[in-house]
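Counted from 1, the sequence shown has number 1447 at position 393 by my numbering; the numbering is strictly sequential.
Scroll down for the structure; my scribbles are underneath it.
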Amino acid sequence: MPASMYHSSAANVNGDVSDFQHSGIRATSRNQSEIGPNSTTLPCQHCTDEQDERNRRNARIRLCYYCHLPGHQIYNCKAKENDEVTQLLRQAINAGIKRKEEDIHCRNEMIVTGTDGGQWAEIWYVNPSFNHHFSGNINVFKRVKHMMGVETRSGMNNFLFIRGVGSVEMKTGNETLNIQSVFYSPEIDRNVLSLDQLTLQGYTVRKSGDKCKIYPMFSTPTVNSRNETNGLTKEEELGLHEKRRLQDLKGVDDEFKEAYLNSYFETLNVSNEDDNDWNRLILKSLKFREFADCKALIDMLDDREYVFKYKVELQNKFEEMVQWFLNGYMGITSRPVPPYSTDQKKIDLLSLYILVASEGGYREVTTENTWPIVAKDLGFGYEDGDYMRIIYAMYLEF
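Quick look at the structure:
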């Protein structure tokens, strides 16, 4: 075949092929994503199978839907966590949860019938989650004395700093109830009675919807003469004097509050090696050979910051002191140190001593009948108050 004919035929073939590729099924070396099926073009099945196999071998890299970066998913995306809008939303959600929890506690509260007809400061509630009676209004107290403490387990409240304890007269319509052992705390915004404490004090609470009535099981008559000069009764005069005294001691209360919060939230810088801590060395070297040695340890307890920092060492040394006082000084060997409750729970003698001292001493606590409160603050029940009184008299009435 002549060469000219060969070239002409080849050209015709190429031309025919070029014309043929405009229609029908054709193979291509281009990426599959560059072509798509239409009315005249379909991808080659062989190429499609090869592409599917490559996709299976090369795992797809997943991107975060929030920042569009690989290596993580949206639930642990750092960019999302740091986003200001997200932070604001989280704060709003947390605030809503907190309000919901507070609403639950408030829904559990019952308004005392007969107190809801006056001003806000005169309304009283009964709350089943509170451990003690509380009021933030000093004017409701008939009698009140100074007292420093903190309550950390009263329902929704984290800290209630106590400035005093006293009695209140709660008017319920035509009746007046005298409620004892009510804590005064400016931290709380209403008057709340503890259901448990009411029961222990001999009151019966009858619920009716969101209200309740309080019935006393007994009452104590009071001889209350009136002063002709100022027109006040004896009880009113005493109450006014005690309220003024509480106001005068506000600075002392603020110092106690600051010291407590500092000890609670700050980490104490305590040396890991006892040999470098002179306070620990002094406590270790303290021996009890005469009553003056006991007084030296008791004097150390006046420093609240010192007690907070070295409470463990002081607890051990205090028990050692009580042991010497009973055995060596008094000659009593029948009382175990430390003492235990009826359910075999250890009684912290140091905490018992400090609590009673802050209340004014053994005689004051006995006169005011606040031993149930002392027992509760030590982690026992109100019913253990008399047992705490006996333990104090047997071990700590020096």
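Even for Gly, the Cβ is constructed at its ideal location relative to N, Cα and C.
Tell me where the beta strand (DSSP E) around residue i begins and ends.
{"i": "residue 1267", "result": "1265 to 1270"}
{"i": "residue 1257", "result": "1257 to 1262"}
{"i": "residue 1231", "result": "1229 to 1238"}
{"i": "residue 1194", "result": "Here residue 1194 belongs to no beta strand (DSSP E), and DSSP marks it neither H nor E."}
Can you tell me where the alpha helix (DSSP H) with residue i in it begins and where it stops?
{"i": "residue 1372", "result": "1365 to 1378"}
{"i": "residue 1417", "result": "1416 to 1422"}
{"i": "residue 1335", "result": "1332 to 1339"}
{"i": "residue 1410", "result": "1403 to 1412"}
{"i": "residue 1354", "result": "1345 to 1354"}
{"i": "residue 1427", "result": "1425 to 1431"}
Assign residue i to one of three DSSP states: helix, strand, or coil.
{"i": "residue 1100", "result": "helix"}
{"i": "residue 1505", "result": "This structure cannot speak to residue 1505, because the chain is shown only from 1055 to 1452."}
{"i": "residue 1199", "result": "strand"}
{"i": "residue 1184", "result": "coil"}
{"i": "residue 1304", "result": "helix"}
{"i": "residue 1248", "result": "strand"}
{"i": "residue 1222", "result": "strand"}
{"i": "residue 1253", "result": "helix"}
{"i": "residue 1442", "result": "helix"}
{"i": "residue 1384", "result": "coil"}
{"i": "residue 1451", "result": "coil"}
{"i": "residue 1294", "result": "helix"}
{"i": "residue 1166", "result": "strand"}
{"i": "residue 1241", "result": "coil"}
{"i": "residue 1299", "result": "helix"}
{"i": "residue 1391", "result": "coil"}
{"i": "residue 1081", "result": "The pLDDT assigned to residue 1081 is 46, lower than 50, so where the model puts this residue is not dependable; a value taken from the coordinates is nonetheless given after this. It is coil, neither helix nor strand."}
{"i": "residue 1282", "result": "coil"}
{"i": "residue 1311", "result": "helix"}
{"i": "residue 1288", "result": "helix"}
{"i": "residue 1399", "result": "coil"}
{"i": "residue 1324", "result": "With a pLDDT of only 46 at residue 1324, under the threshold of 50, the placement of this residue in the model should not be trusted; the figure read from the coordinates follows. Looking at residue 1324 - three-state DSSP - the assignment turns out to be coil, as it is neither helix nor strand."}
Are the beta-carbon atoms belonging to residue i and residue j less than 9 Å from one another?
{"i": "residue 1340", "j": "residue 1355", "result": "no"}
{"i": "residue 1198", "j": "residue 1166", "result": "no"}
{"i": "residue 1252", "j": "residue 1437", "result": "no"}
{"i": "residue 1164", "j": "residue 1222", "result": "no"}
{"i": "residue 1420", "j": "residue 1443", "result": "yes"}
{"i": "residue 1224", "j": "residue 1178", "result": "yes"}
{"i": "residue 1334", "j": "residue 1364", "result": "yes"}
{"i": "residue 1268", "j": "residue 1294", "result": "no"}
{"i": "residue 1192", "j": "residue 1303", "result": "no"}
Quick check: is the beta carbon of residue i nearer than 9 Å to any beta carbon in chain D?
{"i": "residue 1233", "result": "Reference to chain D is not applicable here, since this structure consists of a single protein chain."}
Inset, instruction - May I ask you to verify whether the stretch 1176 to 1190 touches the stretch 1241 to 1250, counting CB pairs closer than 8 Å and requiring at least 3? - result: Output reads yes: the stretch 1241 to 1250 touches the stretch 1176 to 1190.
Inset, instruction - Would you be able to state if there are at least three C-beta pairs under 8 Å between the stretch 1400 to 1414 and the stretch 1377 to 1389? - result: No, the stretch 1377 to 1389 is not in contact with the stretch 1400 to 1414.
Inset, instruction - Decide if the stretch 1234 to 1244 is in contact with the stretch 1186 to 1195; the criterion is three or more beta carbon pairs, one per stretch, under 8 Å apart. - result: Per the Cβ contact rule, the stretch 1234 to 1244 is in contact with the stretch 1186 to 1195 (3 or more Cβ pairs under 8 Å).
Legend entry - Meets three-Cβ-pair contact criterion under 8 Å: the stretch 1297 to 1315 and the stretch 1212 to 1227: Judged by pairs of C-beta atoms under 8 Å, the stretch 1297 to 1315 touches the stretch 1212 to 1227, as three or more such pairs exist.
Legend entry - Segment contact, 8 Å Cβ cut-off, at least three pairs: the stretch 1389 to 1396 with the stretch 1433 to 1449: Judged by Cβ distances under 8 Å, the stretch 1389 to 1396 makes contact with the stretch 1433 to 1449, as three or more pairs qualify.
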